[in-house]
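Below: the structure, in structure tokens.
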Amino acid sequence: MADDRAGRTERDAAIRRQLARNLHRPQGPLQPLPALVLLGGRGSGKSALTAQLREWAQRIPLAALDLESIGERGGTRIDVLTELAFQLSAHRDGLPQLGFPALGSLLAAVGTAVDVRSRERAVRDMAEALRQGRAREHSYEELQGIADGIAQLAGLPGWTSAVLPLVQGGMRLPRLMRLRRRFAETSAGGPGRGSTADFLVGVNRLYHGYPAQRAEAEQVLLDAFLADLRGAYATRSADRRRTTHCLALLDNADSPVGESFLNLLLDARTRSGRPDPLLLVATARRRPEALVRAETGGGRRLDYRASWSQEGEFLPLSAGLLSAGRLRDLERREVEAQAAATLDSIPPGSVLPRADNAVRWLGWIVYELTRGHPRGTAAVLDSLRRMPADMPWDERVRQCLAPLDGSVQPQPVLSAAPALLELLLRDCSAQLARVLPRTAACTTLGRAETCEGLWEGQEPVLREFVSLSADDLRTVPDPDEGLPALHRLTRFLLLRRLDAVQGDAVQPDTWTGAHQALRAAARARGDLRAVAYHDLALGDLGAAADYLRERFDECGADEWCADLAWIQRAPARWGGALPEPARERYERLVGVAEGDAARRAITRLLTAGWITAHPRQDGTGPAPYTDPLGDPYAELYPDIAEEFLTLRRPIGNEHDRHVLLRMAQRYERKPWW
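Right, here's the structure in full:
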């Protein structure tokens, strides 16, 4: 899928600025550094951001690991630790090289076969192994070949051969006493417990013992890793030359191996009580267990959307030993920047959007479709760019998220819809994925949950649906009620799938069946506005107009306009074809409007507003659902403005007349401005 330009948006630049502040190391004693968790759902740009940060930080001690792939290969948290140390110890121009002698010696120890039947024999074996590991007469390649051969014969861990460079890094220590001091900082005791070889034999026996003993040995390894890092920054030369901390980028930290390693590291920091120079940045699509425990201890679940200030700066929230923030969706101006790059990349001679500002138009329509979802934005723009050069842009945007299951004719040339929906539903079971389209028929997930007609025969999957509703990394707050709702992009794609279902109209897995069930539930609770909403979604324009005509005489203009806007955002069927031109659809639906002058004006206003998207909202709150594909060039705006002016003429109330006038004025400019 297309590059989503992660790291090149304002969002990611703000994250880099925050990291740069923590990476700068002033002279003097080390200060505590956070372990930062970046949370984001599928397609939020976590992995791409990690890759870009890796490129950005090439000139400092750096390690970048995908913990999910390590786990899939059967790796453990010690494999993570070993890889982390080796990447950090890589040579970088202008910087003193990091060495991990204590960790390397311990890894060599636990990977060395010793005779555990005799303590004296075991100590001799370990001492000999250490001498061989530090031997200068072998080249690194020879040592690695020897270790590889031993590891294959003895069935030792796969990282056994990788410890050699770390042990060689320890040769820079002037005396063995410094290595012993590093061991003294570990949780298994210090030099007072016999010789170094004796200590290493003890760690070896723990590592190959019972699970609880192995866990204790792993604690020793992590303690040694942090002791080596602190030691590298403790010299007079390091105080002058090491002007940055170390950076560890851990992608997919919520995988089993990632969770285990994160817990091990945080426990080691707690035990030592001493700062270390490692800035940890982990990404996760759900809260890691360590973060959940910190929130539980604090007595409240934090809303990590609050990690973004009004000025657009990234300020992660503190949660115990962790700090965390959420990767927000892209803002409209960031989507416009990507739209500009897309238009710059189309072949010479291609047709351009017939708008007064092509970049703003494309940025607006893509943002309305995806609401800034990073992967969705990238996929839609890539699909639009690759369409035939002579295809008009209103046709392109109507095809870019169309189903490819044969339910829409003519068949779209290109569409990003199938891959995007598969990505967005990857964390759902097959049973929930089959049920979700019907839940997209209403505005909030809570309304879907309480509508019994949607769940006939599907009660077993309801528990998973409730869990989805409670996951604020996979849902968004509804702009009107603040309750959990599907992301704009997810809902749009699920509605297209619901529209494509063929079957008995009374079944809740069809468009008609789902909206009828929701309409019946709304009528039962006395919510007539929601009844009109589902009337419109079912194509009963007259019933929705009747409700609004009655409300026009009952309430003030402010409340009436809010009802109108909410009902106009009811989803519309495609009817087996891509959306028809706005003017043709408007004339077909309105026909000859019936009733008095007010009802006729309301019918025309309701219809035009149902087809077209609406102007940018005042303020900075979340925008409600809207579909820009019905009227991509906002051709019906003059009709809408005229109907608002028509409705205000017979009104005597000055305030209500002013409200309708202001509504008409909103439609005097195009929505992309």
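Letter 234 of the sequence shown, counting from 1, is numbered 233 in numbering that gives the first Met the number 0, and no numbers are missing.
All residues carry an ideal CB built from backbone N, CA and C; glycine is no exception.
All figures in this text were calculated on a predicted structure; none of them were measured in a lab.
Review point. Quick one: is the Cβ of W510 within less than 8 Å of any heavy atom of the ligand FMN?
Key: In the structure shown, the ligand FMN is absent, as is every other ligand, since no ligand is present at all.
Point to revise | Endpoints, beta strand (DSSP E) assigned at R325 | key: L321 to R325
Point to revise | Nearest-angstrom Cα separation, counted from D470 out to L142 | key: Bear in mind that the predicted position of L142 carries a pLDDT of just 33, short of 50, making it too unreliable to give a figure here.
Point to revise | T474 versus D389, R327 and E451, residue with shortest Cα-Cα distance | key: R327
Exercise for review: Report the rounded CA-to-CA distance for D11 versus L48, giving the unit in angstroms.
Suggested key: 7 Å
Review point. With DSSP run on the structure shown, which of helix, strand or coil describes C560?
Key: helix
Exercise for review: Return yes when the Cβ of W565 is within less than 9 Å of the Cβ of D479, no when it is not.
Suggested key: yes
Review point. If L435 and C427 are in contact, beta carbons under 8 Å, what's the gap, nearest whole angstrom?
Key: 7 Å
Review point. Contact between the region 50-64 and the region 23-41: three or more CB pairs below 8 Å?
Key: no
Review point. How would you label W671, buried or exposed, when you count the other beta carbons within 10 angstroms and need 16 or more for buried?
Key: buried
Practice item. Could you give the DSSP three-state label for L152: helix, strand or coil? Key: For L152, the predicted model reports a pLDDT of 33, less than 50, meaning its position is unreliable and no value from the coordinates is stated.
Review point. Run through DSSP, which three-state label would P402 get?
Key: coil
Review point. What number of angstroms, rounded off, separates the C-alpha of T295 from the C-alpha of F260?
Key: 20 Å
Review point. Under 9 Å, do L488 and T369 count as touching if we go by C-beta distance?
Key: yes
Review point. DSSP three-state call for D328: helix, strand or coil?
Key: coil
Point to revise | CB contact flag (T625, E367, <9 Å) | key: yes
Review point. Mind checking whether H533 and A504 have CB atoms under 9 Å apart?
Key: no
Practice item. Would you list, in sequence order, the uninterrupted alpha helix (DSSP H) runs of no fewer than 4 residues that lie entirely inside the region 311-391? Key: 331-344, 357-369 and 373-384
Point to revise | Those residues which DSSP pairs with C427 across a bridge | key: Answer is none; C427 lacks a bridge partner.
Review point. Alpha carbon to alpha carbon, what distance is there between G44 and S317?
Key: 22 Å
Practice item. Taking all protein chains shown into account, decide if Y209 is buried (16 or more other Cβ within 10 angstroms of its Cβ) or exposed. Key: exposed
Check your understanding: When we look at the beta-carbon of N652 and count the other beta-carbons within 10 Å, is it buried (16 or more) or exposed?
Key -> exposed
Practice item. Using alpha carbons as the reference points, say which of R374, L400 and D562 lies closest to A544. Key: D562
Practice item. For L422, collect the residues of the same chain with a Cβ closer than 7 Å to its Cβ; drop the 5 residues on either side in sequence, then sort them by chain order. Key: R41, G42 and R374
Point to revise | Cross-strand partners of V280 (DSSP beta bridge) | key: L35 and L248
Review point. Going straight from the alpha carbon of T708 to that of P623, what length do you get?
Key: Coverage of the chain is limited to positions 0 through 672, which leaves residue 708 absent and any answer about it impossible.
Check your understanding: Tell me which same chain residues have a C-beta within less than 6 Å of the C-beta of R668, skipping the five on either side of it?
Key -> none
Point to revise | Backbone secondary structure at Q86 - three-state DSSP | key: helix
**Study point:** E653 - DSSP class collapsed to helix/strand/coil
**Key:** helix
**Study point:** Backbone secondary structure at W671 - three-state DSSP
**Key:** coil
Practice item. Check each candidate in R395, P28, D302 and A415 and name the one with the smallest Cα separation from R325. Key: D302
Exercise for review: Could you check if Q151 is buried or exposed, using at least 16 other CB atoms within 10 Å of its CB as the buried criterion?
Suggested key: Only weak support is given to the placement of Q151: the predicted model assigns it a pLDDT of 39, under 50, and the value that follows is read from those uncertain coordinates. Looking at its Cβ environment, which holds fewer than 16 other Cβ atoms inside 10 Å, Q151 is exposed.
Practice item. Using three-state DSSP, classify P483 as helix, strand or coil. Key: strand
Check your understanding: Is the beta carbon of A281 sitting closer than 9 Å to the one on G257?
Key -> yes
Exercise for review: May I have a chain-ordered list of the beta strand (DSSP E) segments no shorter than 3 residues that lie completely inside the region 53-108?
Suggested key: 61-65
Exercise for review: Measure from the alpha carbon of V365 to the alpha carbon of each residue in E335, A34 and L431, then state which is nearest.
Suggested key: E335
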